[in-house]
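Chemist: In our numbering, the protein residues as written are 1493 to 1963.
The C-beta atom is built at its ideal place from N, Cα and C for all residues, glycine as well.
Dropping the structure in here first, questions after.
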Ligand code: SF4
């Protein structure tokens, strides 16, 4: 039951001799669990061997005490995954590992490459058989063919990659993190007592007691060593294009991105929403958890009281067993249950961060009305999503996006809401506090900062009939 874009992946890396690096990775990944719930994995190096454990499932179900104790070493990388490309099968769980020289290279990737067809041909020309269906396997294969240090190999491979990537890679004696020249996906470095950490978000640094040092710069590769960080600016940082949806929805609210608190950005999106469109209403409610900071901001700006109105079951997972027909008929509510005493007879402003297909939002509006709400006014803290994402986010096909070809009033009518307002791009930009040109906003504008594939090979893009994204 979700009407949001699907998250992508999270990566983590740590070098800390004498510390339990597998356990640190476990907790780092635990903090990044919101970025991917389909598989999890950790690769550890003790200086002589790289050992990988990966499995389908949540971090806490993939690893237990005995498995963590068996993963001993001085450095490690970890990955949580939601399958934006390739099917959700074990082969595609990460870290990917392949032989390299006498040893092994393991790799975890967040993002999506836009030239994977060309890379696949190149890898096959090298005589590699790729069983996994992910971009990450292609990058690993390319690195495994390059001679020299891991850092040298990555420096040679990066110019051949096109698209969005924040990657951690590990061999017996090196841990390297690298990021695409547009910096689409986040990647930060933290200082740890006795070592260094790299992670998708600062919340993972907090989780393991590391202190934020800096971001991995767009186009940069960094080798983490016990002596410090060795940096190479492999590609010139082209135009910045940090995914603006990280601030709207993906990142955890306690993370800091580009120097700004994600919670604060969402709160300010609510303020901007209220500035743009405040209906007559009795209560402002947020859909937990992602709509809450914006709902609080909306309430503060509008002067309309904020209240919780629905309770969310936090333990409904992706693989949740669906209710049978009989249970469905009784109106079983898997994820949200309304507080009828709060809602009854009230005109509600319902704040949420985004609408993709609209199916879930329609159910929620109906649920609130069934619980006695007099009116439901939807306020969405992002502009209408009208284009698919080619950089690692599952947005649905273009013809499934409810905002395509429909005005806000038409969408409100289709969802059964009394009114609907989407935050404008200008309002969003004011809330994130940075100029528009540092962000990718292509799912709202169709202006893609990195060339998109001519023939998208992923099933999610096949139905983009009529879409002519600008390149
Ligand atoms: S298209 Fe949208 S979701 Fe994809 S990277 Fe750009 S802003 Fe993020």
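1. Any residue with its Cβ nearer than 5 Å to a heavy atom of the ligand SF4 should be included. What is that list in chain order?
2. Is the beta carbon of residue 1845 sitting closer than 9 Å to the one on residue 1763?
3. Can you give me the C-alpha to C-alpha distance between residue 1476 and residue 1613, rounded to a whole angstrom?
4. With the cut-off set at 9 Å, would you say residue 1884 and residue 1660 are in Cβ contact?
5. Rounded to whole angstroms, what is the Cα-Cα separation between residue 1649 and residue 1518?
6. Under DSSP, the alpha helix (DSSP H) around residue 1607 begins and ends at which residues?
7. Can you look up residue 1526 in the DSSP assignment and give me helix, strand or coil?
8. Can you give me the start and stop residues for the alpha helix (DSSP H) that residue 1704 sits inside?
9. Considering Cα atoms alone, identify which of 1761, 1772, 1769 is closest to residue 1787.
10. How about residue 1765 and residue 1749: are their beta carbons less than 9 Å apart?
11. Looking at the unbroken alpha helix (DSSP H) that takes in residue 1790, where does it start and where does it end?
12. Checking 9 Å against the spacing of the C-beta atoms, do residue 1693 and residue 1710 come in under that value?
13. Compare the C-alpha of residue 1769 against each of 1796, 1847, 1715, 1905 and name the closest.
14. Specify, as a first and last residue, the run of the alpha helix (DSSP H) that residue 1449 falls within.
15. Just checking, does the region 1862 to 1871 make contact with the region 1911 to 1929 on the three C-beta pairs under 8 Å criterion?
16. In this structure, does DSSP put residue 1954 in helix, strand or coil?
17. Tell me, please, which residues DSSP counts as bridged to residue 1805.
18. Kindly provide the ranges of any alpha helix (DSSP H) runs that are 4 or more residues long and lie completely inside the region 1541 to 1566, ordered along the chain.
19. Measuring CA to CA, which of 1723, 1759, 1684 is closest to residue 1704?
20. If you follow the alpha helix (DSSP H) that residue 1648 is in, where does it begin and where does it stop?
21. Measuring only the C-alpha atoms, how far is residue 1961 from residue 1752?
22. DSSP puts residue 1752 in a beta bridge; with which residues?
23. Tell me, to the nearest whole angstrom, how far the beta carbon of residue 1631 is from that of residue 1599; I am working on the premise that it is less than 8 Å.
24. Could you give the residue range of the alpha helix (DSSP H) that holds residue 1854?
25. Taking all protein chains shown into account, do 16 or more other C-beta atoms lie within 10 angstroms of the C-beta of residue 1727, making it buried, or fewer, making it exposed?
26. Of the residues 1565, 1775, 1782, which one's Cα is nearest the Cα of residue 1798?
27. Using the Cα positions of residue 1721 and residue 1565, report the straight-line distance between them to the nearest angstrom.
28. Which residue or residues does DSSP assign as beta-bridge partners of residue 1533?
29. How would you label residue 1582, buried or exposed, when you count the other beta carbons within 10 angstroms and need 16 or more for buried?
30. Residues in its own chain within less than 7 Å of residue 1922 by CB, not counting five upstream and five downstream?
31. How long is the line joining the alpha carbons of residue 1812 and residue 1898, rounded to whole angstroms?
32. Need the endpoints of the beta strand (DSSP E) that residue 1501 sits in, please.
33. In whole angstroms, give me the CA-to-CA distance for residue 1497 and residue 1848.
34. Would you tell me roughly how many angstroms separate the C-alpha atoms of residue 1665 and residue 1539, rounded to the nearest one?
Modeler: This is what the structure gives:
1. Residues flagged by the Cβ proximity filter: 1735, 1736, 1737, 1881, 1883, 1885, 1932, 1934, 1935.
2. Not closer than 9 Å, so no.
3. No statement about residue 1476 is possible, as the shown extent of the chain runs from 1493 to 1963 and does not include it.
4. It is not a contact, given that the beta carbons lie outside the stated cut-off.
5. Using only the alpha carbons, I get a separation of about 29 Å.
6. Unbroken run through residue 1607: none, as it is neither H nor E.
7. Residue state, collapsed to three classes: helix.
8. For residue 1704, there is no enclosing alpha helix (DSSP H); the enclosing beta strand (DSSP E) covers residues 1703 to 1707.
9. Closest in alpha carbon position to residue 1787, among 1761, 1772, 1769, is 1761.
10. Result no, Cβ atoms of residue 1765 and residue 1749 do not sit closer than 9 Å.
11. For residue 1790, the uninterrupted alpha helix (DSSP H) run begins and ends at 1784 to 1794, by DSSP.
12. Cβ atoms of residue 1693 and residue 1710: not closer than 9 Å.
13. Among 1796, 1847, 1715, 1905, the Cα nearest to that of residue 1769 is on 1796.
14. With the chain represented from 1493 up to 1963, any question about residue 1449 goes unanswered, as that position is not in the structure.
15. The region 1862 to 1871, when compared against the region 1911 to 1929, does touch it at the 8 Å Cβ threshold.
16. Any reading at residue 1954 needs caution, since the residue's pLDDT is 32, under 50, leaving its predicted position unreliable; the model's value is listed next. DSSP, read as helix, strand or coil, puts residue 1954 in coil.
17. Residue 1805 is not bridged to any residue.
18. Whole alpha helix (DSSP H) segments, 4+ residues: 1551 to 1554, 1557 to 1562.
19. When each option's Cα is compared against that of residue 1704, the closest is 1684.
20. Note, residue 1648: alpha helix (DSSP H), 1642 to 1649.
21. The pLDDT assigned to residue 1961 is 33, lower than 50, so where the model puts this residue is not dependable, and the model offers no usable value.
22. Bridge partners of residue 1752 according to DSSP: 1749.
23. Confirmed, about 6 Å.
24. Here the alpha helix (DSSP H) through residue 1854 covers 1851 to 1862.
25. Label assigned to residue 1727: buried.
26. Among 1565, 1775, 1782, the Cα nearest to that of residue 1798 is on 1775.
27. Straight-line spacing of the CA atoms in residue 1721 and residue 1565 works out to 19 Å.
28. The partner list for residue 1533 (beta bridge, DSSP) reads 1546, 1571.
29. With a threshold of 16 other beta carbon atoms within 10 Å, residue 1582 falls short and is exposed.
30. Within the same chain, and ignoring the five residues on either side of residue 1922 in sequence, the residues whose Cβ sits closer than 7 Å to its Cβ are 1764.
31. Here residue 1812 scores only 46 on pLDDT, less than 50, and its place in the model should not be relied on; the value that follows carries that caveat. Distance between the alpha carbons of residue 1812 and residue 1898 is about 33 Å.
32. Run containing residue 1501: 1501 to 1507, per the beta strand (DSSP E) assignment.
33. Spanning the two alpha carbons is a distance of roughly 7 Å.
34. For residue 1665 and residue 1539, the distance between alpha carbons rounds to 5 Å.
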